[in-house]
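**Student:**
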Amino acid sequence: MSAVLPGDPAAAPTLPDVLPPVRRRGAVMRFVVRHPTIVAGGALIGLMIFIAICAPYLHTVDPTALAPARRTRAPSPQYWFGTDMLGRDIYSRVLYGSRVSLIVGFSVALLASVIGMLIGLVSGFVRWTDALIMRIMDGLMAIPGILLAIALMALTRGSVQNVIIAITVPQVPQVARLVRGLVLSLREQPFVEAATASGSRFWKIAFRHILPNTLAPLTVQATYICASAMITEAILSFIGAGTPPIIPSWGNIMAEGRALWQVKPYIVFFPAIFLSVTVLAVNLLGDGLRDALDPRAAGRL
Amino acid sequence: MTPAAPILEVRALAKHFPLRRGLFGGATGKVHALDGVSFSLDRGETLSVVGESGCGKSTLGKTILRLTEPTSGEVWLGGERIDNLSVGRLRPLRRRMQVVFQDPFSSLNPRMRVRDILAEPMVNFGLAKSGARLDERVAALMDQVGLPREAMGRYPHEFSGGQRQRIGIARALAPGADLIICDEAVSALDVSVKAQIVNLLGDLQQALGLALLFISHDLAIVEHLTHRVAVMYLGKIVELCDRRTLFTRAHHPYTKALLSAVPVPDPLARRERIILRGDVPSPINPPSGCRFHTRCPFVFHRCRIEEPLLRPVGGGHVSACHLDAAVAADTEKLLPHHQEGPGAHSLGSTDPSGSLPSALGQTPDLRWLDHARPGPPN
């Protein structure tokens, strides 16, 4: 067998590298490249949670300590974000205020998801309750969420728990609608019929077959609820219907700085920046989760 | 019941879906998905149900399984009437009849591992006492359908279509069913995979003595695995006979048209094609008389006014066509009188001509339904 000589037509010409060499990446880097929004959103939320938890150790002072002699100071090495009209350190107040926002945001997302999911499950599964429950949900949805929350706050005393409840109630119908729709389409799936045929009871079908398949869209919805709850909390505090003024929250700080915003804009500016960045982070996370969990539904929600 | 009792007997089964319009609208009409379907199925036997899409094949399967409630008629499973049982009373009986669905992608819960999918029926029916026993059974099922045991811990999306259909079959086998309803079980698969699954079903039937109700629109597949064939058109069985008779001596014009549409893998073969014109009429308002008369090439006056009943045309072969009436008129006189019993039920709608035994105060015999018992195919 003779060796193939160069120039022999039988020899394959040396092919150029058409495909660039594949770079090997670690698992972490691959995740970052594939889901940049999840990583960015998650990192920002992680930072906010860190700030909220470690607020006492981040060079802060008592956020409620009054110092009438040092009112409305501009940002300086001593007061990083300046002081408000009662001389309180805005940096400390903004950092402590993140606690309220995060607690309200996450609690509302969790509560609204769980309650809405149960209502949606019953409504989608027990046919005769469907019309009744959905009309009640329609009724709740007909009232603007913020008005309903203000009304609920007017009925009760201002406290973080009451704010959470007041924001949760208007959010529940949206989750219930979402879950009901998912249940209605899932219950007709062949795998649910197969489960019925193989003797599964009603509750087993609901909790083992239907529920786990609603979790992905529900998680995405929960992030949006979280973001909107943070904004609603700030709005309620801003108009004085939310967290009591003693507790520093971003809404409260902005409400107090409102009168001076033309002359001392930093009082409003810093809590507003924190609020915007946090809401942006939660929305980024939600968008990323939506694309990652269910590519088909990417355009729907 | 005697041991010879059929595993499944369906008597005059009907399913009408009400049509609702508007917000508070009541029923403005109904879809006649099934109308007076009767047949019986023995242990270890395969009965195929064929017909165009929309003829009620799948509704038949679902109604037998009580996944939809029947409008009227009876379903007897192994000598027990199941169509009127409460959900709780029916549940233990579900163990005996299982289902394999068409779409191998939507028939498996995407969020459950294969082990859990297969274990579910066994847990429901209390068939395995311990977790180890359950794993053993699941492993045995995986072997039985030709899947690697290691795949137990995987999710359905990690399998190909054919493998998923094997999982679906394993799930149907899990509770030790006597009857498996295959609702277009191979229609969504590639040709080569289709053949594997059909062979698997045949092997399992031989090994376990399963009865199969094989719902399909594909006569070529049916020819390979069935004992008897029921041809459906617009919610009714128009012809029922054993496989060989169907492919050689079909009586009903609709069956002939279906058969002439089966591709023959011979470029030189020349045969008579019967091409049906028009679409299947709406099952909301089925045609008067014979439901096939709008498309039948041999239609005559009687077809438009009078509904033909299923008549025996010899050798356990029944066909619902007025063309057979001459033959049937002779056979009817020979029908033995049948005693009134749980098995007695009129077939289909009444015959306005009054020529049938039902109009004479007698009950038509159902025995012709199970006369022909050919051996296993091939």
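So the sequence lines, in the order shown, correspond to chains R and H.
Using numbering that gives the first Met the number 0, the first residue of the first sequence is number 0, and each one after it goes up by one.
Using numbering that gives the first Met the number 0, the first residue of the second sequence is number 0, and each one after it goes up by one.
Just so you know, even glycine gets a beta-carbon here, dropped at the ideal spot from N, CA and C.
For clarity, every value in this text was computed on a predicted model and none was experimentally measured.
Roughly how many whole angstroms lie between the Cα atoms of His370 of chain H and Ile6 of chain H?
**Tutor:** Model confidence at His370 of chain H stands at a pLDDT of 42, short of 50, so the residue's coordinates are unreliable and nothing is read from them.
**Student:** According to DSSP, simplified to helix, strand and coil, what is Gln361 of chain H?
**Tutor:** Unreliable placement is indicated for Gln361 of chain H, whose pLDDT of 40 sits below 50; the coordinate value is still reported in the next sentence. It is coil, neither helix nor strand.
**Student:** Contact criterion: CB-CB distance below 9 Å. Does Leu292 of chain R meet it with respect to chain H?
**Tutor:** So no, Leu292 of chain R is outside the interface.
**Student:** For my contact list, Cys295 of chain H and Pro307 of chain H are in at a C-beta cut-off of 8 Å; report their separation, rounded to the angstrom.
**Tutor:** That pair is no contact at about 11 Å.
**Student:** Taking only three categories from DSSP, how would you classify Thr349 of chain H?
**Tutor:** Caution applies to Thr349 of chain H, whose pLDDT of 39 falls short of 50 and renders its modelled position unreliable; the model cannot decide the point.
**Student:** Which residue from H:Leu146, H:Asp177, H:Pro174, H:Gly175 puts its Cα closest to that of Gln162 of chain H?
**Tutor:** Comparing Cα positions, the closest option is H:Leu146.
**Student:** Check whether chain R comes within 9 Å of Gln97 of chain H, counting only Cβ atoms and requiring the distance to be less than that.
**Tutor:** So yes, Gln97 of chain H belongs to the interface.
**Student:** Using the beta-carbon count (16 or more within 10 Å), is Met28 of chain R buried or exposed?
**Tutor:** Looking at its Cβ environment, which holds fewer than 16 other Cβ atoms inside 10 Å, Met28 of chain R is exposed.
**Student:** Between the Cα of Thr231 of chain R and the Cα atoms of R:Trp79, R:Gly104, R:Tyr90, R:Arg207, which residue gives the shortest distance?
**Tutor:** That would be R:Gly104, whose Cα lies nearest to the Cα of Thr231 of chain R.
**Student:** In chain order, what are the residue ranges of uninterrupted alpha helix (DSSP H) at least 4 long that sit wholly in the segment 167–201 of chain R?
**Tutor:** For the segment 167–201 of chain R, whole alpha helix (DSSP H) runs of length 4 or above, ordered along the chain, are 189–196.
**Student:** Determine the direct distance from the alpha carbon of Arg148 of chain H to that of Gln97 of chain H, and round the result to whole angstroms.
**Tutor:** The alpha-carbon atoms of Gln97 of chain H and Arg148 of chain H are separated by roughly 22 Å.
**Student:** Quick one: Cα of Ala240 of chain R to Cα of Arg156 of chain R, how far?
**Tutor:** If you take the alpha carbons of Ala240 of chain R and Arg156 of chain R, they lie about 9 Å apart.
**Student:** What does Thr195 of chain R touch in chain H if you count any residue whose Cβ is under 7 Å from its own?
**Tutor:** Ordered by position in chain H, the residues that pass the 7 Å Cβ test against Thr195 of chain R are Leu66.
**Student:** Which class does Asp82 of chain H belong to by DSSP, given the choice of helix, strand or coil?
**Tutor:** Three-state result, Asp82 of chain H: coil.
**Student:** Shortest alpha-carbon distance to Pro55 of chain R belongs to which of R:Tyr78, R:Arg92, R:Leu43, R:Val32?
**Tutor:** Checked all of R:Tyr78, R:Arg92, R:Leu43, R:Val32; the closest Cα to Pro55 of chain R is R:Arg92.
**Student:** Within the same chain, show all residues whose beta-carbon is closer than 7 Å to that of Gly288 of chain H, passing over the 5 residues directly before and after it, in chain order.
**Tutor:** These residues qualify, in order along the chain: Cys302, Arg303, Ile304, Glu305, Glu306.
**Student:** Using beta carbons (cut-off 9 Å, strictly below), is Glu119 of chain H in contact with chain R?
**Tutor:** So yes, Glu119 of chain H belongs to the interface.
**Student:** Taking the alpha-carbon of Leu288 of chain R as reference, which of R:Leu214, R:Pro169, R:Pro76 has the nearest alpha-carbon?
**Tutor:** Here the closest residue by C-alpha is R:Leu214.
**Student:** Taking buried to mean at least 16 other C-beta atoms within 10 Å of its own C-beta, is Glu157 of chain H buried or exposed?
**Tutor:** Flag for Glu157 of chain H reads exposed.
**Student:** How about Ser122 of chain R: is its C-beta nearer than 9 Å to some C-beta of chain H?
**Tutor:** Not an interface residue.
**Student:** May I have the straight-line CA-CA distance separating Ile180 of chain H from Leu140 of chain H, to the nearest angstrom?
**Tutor:** Going from the Cα of Ile180 of chain H to the Cα of Leu140 of chain H covers about 18 Å.
**Student:** Tell me which residues share the same chain as Gly167 of chain H and place their Cβ nearer than 7 Å to its Cβ, disregarding the 5 neighbours each side in the sequence.
**Tutor:** Here the set comprises Val99, Phe100, Pro103, Ser106, Leu107.
**Student:** Taking the C-alpha atoms as reference points, what is the distance between Gly81 of chain R and Tyr265 of chain R?
**Tutor:** The alpha-carbon atoms of Gly81 of chain R and Tyr265 of chain R are separated by roughly 7 Å.
**Student:** Determine the contact status of Arg42 of chain H and Ala210 of chain H, defining contact as a CB-CB distance below 9 Å.
**Tutor:** Contact flag set, yes.
**Student:** So, helix, strand or coil for Phe237 of chain R, using DSSP?
**Tutor:** Note: Phe237 of chain R maps to helix in three-state DSSP.
**Student:** For His337 of chain H, which three-state DSSP category applies?
**Tutor:** Here His337 of chain H scores only 44 on pLDDT, less than 50, and its place in the model is too uncertain to base an answer on.
**Student:** Just to make sure I have the definition right: I need the residues of chain H whose C-beta is within less than 8 Å of the C-beta of Pro189 of chain R. Which are they?
**Tutor:** Neighbours of Pro189 of chain R on chain H, chain order: Phe100, Gln101, Asp102, Ser105, Ser106.
**Student:** Kindly list the residues whose CB is nearer than 7 Å to the CB of Pro172 of chain R, restricted to its own chain and excluding five residues on each side of it in sequence; keep chain order.
**Tutor:** The residues are Met136, Leu139, Met140.
**Student:** Phe213 of chain H by DSSP, collapsed to three states: which one?
**Tutor:** Note: Phe213 of chain H maps to strand in three-state DSSP.
**Student:** Could you spell out the range, first to last residue, of the alpha helix (DSSP H) harbouring Gln162 of chain H?
**Tutor:** Looking at the DSSP string, the run of the alpha helix (DSSP H) that includes Gln162 of chain H is 160–172.
**Student:** Whole angstroms are fine: how far does the CA of Phe30 of chain R sit from the CA of Ala271 of chain R?
**Tutor:** Spanning the two alpha carbons is a distance of roughly 31 Å.
**Student:** Return the chain-ordered list of same chain residues with a C-beta closer than 6 Å to the C-beta of Ile142 of chain R, the five sequence neighbours on each side being excluded.
**Tutor:** Taken in chain order, the list of residues that qualify is empty.
**Student:** DSSP three-state call for Asp241 of chain H: helix, strand or coil?
**Tutor:** Strand, per DSSP.
**Student:** If you reduce the DSSP assignment to three classes, tell me which class Lys402 of chain H lands in.
**Tutor:** This structure gives no information on residue 402 of chain H, because the portion of chain H shown stretches from 0 to 377.
**Student:** Tell me which residue opens and which closes the beta strand (DSSP E) that Lys14 of chain H is part of.
**Tutor:** Its beta strand (DSSP E) spans residues 7–19.
**Student:** Using a Cβ cut-off of 9 Å (strictly closer), state whether Ala184 of chain H contacts chain R.
**Tutor:** It does not; no Cβ of chain R falls within 9 Å.
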